[in-house]
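S.K.: The structure that follows is given in the form of structure tokens.
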Amino acid sequence: MSKRINPWVLVTGVAVGIAALVLTALGNPANMGFCIACFVRDIAGAVKLHTAEPVQYFRPEIVGLVLGAMIMALATGEFKARAGSSPATRFVIGMFVMIGALVFLGCPLRMVIRMGGGDLNAFVGLAGFALGILIGVFFVKKGFSLKRAYTVGSTEGFALPAVLVILFVLFLAVPSIFAFSESGPGSKHAAVFASLLIAMAVGALVQKSRLCMVGGMRDAVMFGDFSLLSGFAAIFLTVLIGNLILGNFKGFSTYLQPISHASQLWNLLGMALVGWGSILLGGCPLRQLILAGEGNGDSAVTVLGMLVGAAFAHNFKLAGSAASLTDGVYSAGGISVNGKVAVFIGFAVLLVISLMNISRQKKEAAKK
Numbered sequence: 622m623s624k625r626i627n628p629w630v631l632v633t634g635v636a637v638g639i640a641a642l643v644l645t646a647l648g649n650p651a652n653m654g655f656c657i658a659c660f661v662r663d664i665a666g667a668v669k670l671h672t673a674e675p676v677q678y679f680r681p682e683i684v685g686l687v688l689g690a691m692i693m694a695l696a697t698g699e700f701k702a703r704a705g706s707s708p709a710t711r712f713v714i715g716m717f718v719m720i721g722a723l724v725f726l727g728c729p730l731r732m733v734i735r736m737g738g739g740d741l742n743a744f745v746g747l748a749g750f751a752l753g754i755l756i757g758v759f760f761v762k763k764g765f766s767l768k769r770a771y772t773v774g775s776t777e778g779f780a781l782p783a784v785l786v787i788l789f790v791l792f793l794a795v796p797s798i799f800a801f802s803e804s805g806p807g808s809k810h811a812a813v814f815a816s817l818l819i820a821m822a823v824g825a826l827v828q829k830s831r832l833c834m835v836g837g838m839r840d841a842v843m844f845g846d847f848s849l850l851s852g853f854a855a856i857f858l859t860v861l862i863g864n865l866i867l868g869n870f871k872g873f874s875t876y877l878q879p880i881s882h883a884s885q886l887w888n889l890l891g892m893a894l895v896g897w898g899s900i901l902l903g904g905c906p907l908r909q910l911i912l913a914g915e916g917n918g919d920s921a922v923t924v925l926g927m928l929v930g931a932a933f934a935h936n937f938k939l940a941g942s943a944a945s946l947t948d949g950v951y952s953a954g955g956i957s958v959n960g961k962v963a964v965f966i967g968f969a970v971l972l973v974i975s976l977m978n979i980s981r982q983k984k985e986a987a988k989k
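Under the numbering used here, residues 622 to 989 are what the sequence shown spells out, in order.
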């Protein structure tokens, strides 16, 4: 594998950072211009899979990312309908990746955006994310595999994009059937078509560049290749510089960061769960959306697993609660007992999946 930096990766990283800053300026929550976990969670609330009122809004960014990736893949001849790589297992892993992300309060992409906003809690999350990736890479080296996917009918490849488009049209035409937050993160959003178009541009660029933080860290560990990881360095620097220019940067701190908590052990463990699960899936939540746009039915199933995981997280009070300051009273936020138990269940599930999907040939070789 080439170790040269791909200029498309750097361009995409800068574009994602700018998109996050612009979407925040247009109304998205602070340090949450782009967050796959948060946006999938909000969509789960909008379609009433959960009833947590502060996080219910149909985020056009998710639709835009998938459509942008699909259009780019079609234009370059890379759209290929395929499926059959352990879809049920991927669904379960997707659920626990989402639960881990919502314990931390953000996906790997938002983690980097939070870092660029000065949130030191996100740096703890990064350490956990790296730990989870190292665990996942250990099993990959031992022979972990969810087996190959196979070519299938084109309807399989277009299924998730079509469902998202139908929901988006309904969101525009019959908004009353969706739930809308009146306060909290779900009530803060950019204009609908600005969100859609910006996300489509990002989706197209990410599809072109193959940007994936999990893939980047995996490649760095396994092959010494930092090409993909350079894109996330570009996101971090772009967001940091942008916040400095816009006057939004207040210094690095763990205190009262937007939609963040300072329960550091659970920041670390939540993102460790995300990192491990994402290695097993072959990509982070952003990458799963892009692959679904390319026609990958297994990634589409993973996205559905993430949607259900978000519903579980809020229906069963597994998600982290953000620190707050109300009338001079500080609340540290953090993780409920339910959330802590869910994280450990997630680790146990991933361990079983990791062990049970090591190829027989690798097991026999290890015994010799």
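Built from N, CA and C at the ideal position, the CB exists for glycine as well.
(1) Put Thr776 into one of helix, strand or coil per three-state DSSP.
(2) Out of curiosity, what's the CA-to-CA distance linking Ser623 and Phe937?
(3) For Phe717, which residues from the same chain have a beta carbon less than 7 Å from its beta carbon, with the 5 sequence-adjacent residues on both sides left out?
(4) If Gly705 and Tyr771 are in contact, beta carbons under 8 Å, what's the gap, nearest whole angstrom?
(5) Measure from the alpha carbon of Gly778 to the alpha carbon of each residue in Ser975, Ala932, Val922 and Ala943, then state which is nearest.
(6) In whole angstroms, give me the CA-to-CA distance for Lys989 and Val842.
(7) Please report the straight-line C-alpha distance between Phe801 and Ala811, rounded to a whole angstrom.
(8) Relative to the C-alpha of Leu723, which residue among Leu939, Gln909 and Asp948 is closest?
(9) Between the Cα of Tyr951 and those of Ala883, Gly746 and Phe853, spot the shortest distance and give me the residue it belongs to.
(10) Within 10 angstroms of its Cβ, does Arg769 collect 16 or more other Cβ (buried), or is it exposed?
(11) Helix, strand or coil for Arg908 per DSSP?
(12) Which residues in the same chain have their Cβ closer than 8 Å to the Cβ of Gly774, if we skip the five residues on either side of it in sequence?
(13) What's the C-alpha gap between Leu849 and Val813?
(14) Which residue spans inside the region 906 to 958 form an unbroken beta strand (DSSP E) run of at least 3?
(15) Skipping 5 residues on each side, what residues in its chain have a beta carbon closer than 7 Å to that of Val687?
(16) Taking only the alpha-carbon atoms, compute the straight-line gap between Val835 and Lys763 and give it to the nearest angstrom.
(17) With 16 as the cutoff for other CB atoms within 10 Å, does Ile798 come out buried or exposed?
(18) Buried or exposed for Asp948, please, with buried defined as at least 16 other CB atoms from any protein chain shown within 10 angstroms of its CB.
(19) Look at the Cβ atom of Thr875, then the Cβ atom of Leu741, and state whether they are nearer than 8 Å.
(20) Tell me which residue opens and which closes the alpha helix (DSSP H) that Pro708 is part of.
(21) Excluding the five sequence neighbours on either side, which residues of its own chain have a C-beta within less than 6 Å of the C-beta of Phe660, listed in chain order?
(22) The alpha helix (DSSP H) spanning Ala651 covers which residue range?
(23) Apart from the five residues on each side of it in sequence, which residues of its chain come closer than 6 Å, Cβ to Cβ, to Gly1024?
(24) Can you give me the Cβ contacts of Met977 inside the same chain, cut-off strictly under 7 Å, excluding the 5 residues immediately before and after it?
(25) Would Ala963 pass as a contact of Gly954 if the rule is Cβ separation under 8 Å?
(26) Please name the residue, chosen from Pro650, Ile714, Arg662 and Leu867, that lies closest to Gly903 on a Cα-to-Cα basis.
(27) Name the residue from Phe870, Leu901, Ile692 and His935 whose alpha carbon lies nearest to the alpha carbon of Leu755.
(28) Does the beta-carbon of Val973 have 16 or more other beta-carbons within 10 angstroms, so that it is buried, or is it exposed?
(29) Taking 7 Å as the limit between beta carbons, can you name the residues of its chain near Gly757, skipping five residues before and five after?
(30) Can you tell me the Cα-Cα spacing of Ser975 and Phe873, whole angstroms?
(31) Taking the straight line between their C-alpha atoms, what separation do you get for Ser920 and Ile664?
M.R.: By the coordinates alone:
(1) helix
(2) Only weak support is given to the placement of Ser623: the predicted model assigns it a pLDDT of 47, under 50, and the question is left unresolved by the model.
(3) Leu894, Gly898, Gly930, Gly967, Val970 and Leu971
(4) 4 Å
(5) Val922
(6) Confidence is the limiting factor: at Lys989 the pLDDT is only 47, short of 50, which leaves the residue's position unreliable and the question unanswerable from this model.
(7) 14 Å
(8) Leu939
(9) Ala883
(10) exposed
(11) helix
(12) Ala702
(13) 30 Å
(14) 945 to 947 and 950 to 952
(15) Leu781, Pro782, Leu785, Gly824, Leu910, Ala913 and Gly914
(16) 18 Å
(17) exposed
(18) exposed
(19) yes
(20) Pro708 to Phe725
(21) Arg680, Glu682 and Ile683
(22) No alpha helix (DSSP H) holds Ala651; DSSP gives it neither H nor E.
(23) Here the chain covers residues 622 to 989 and nothing more, so residue 1024 does not appear.
(24) none
(25) no
(26) Ile714
(27) Leu901
(28) exposed
(29) Gly896, Trp897, Ile900 and Leu901
(30) 37 Å
(31) 18 Å
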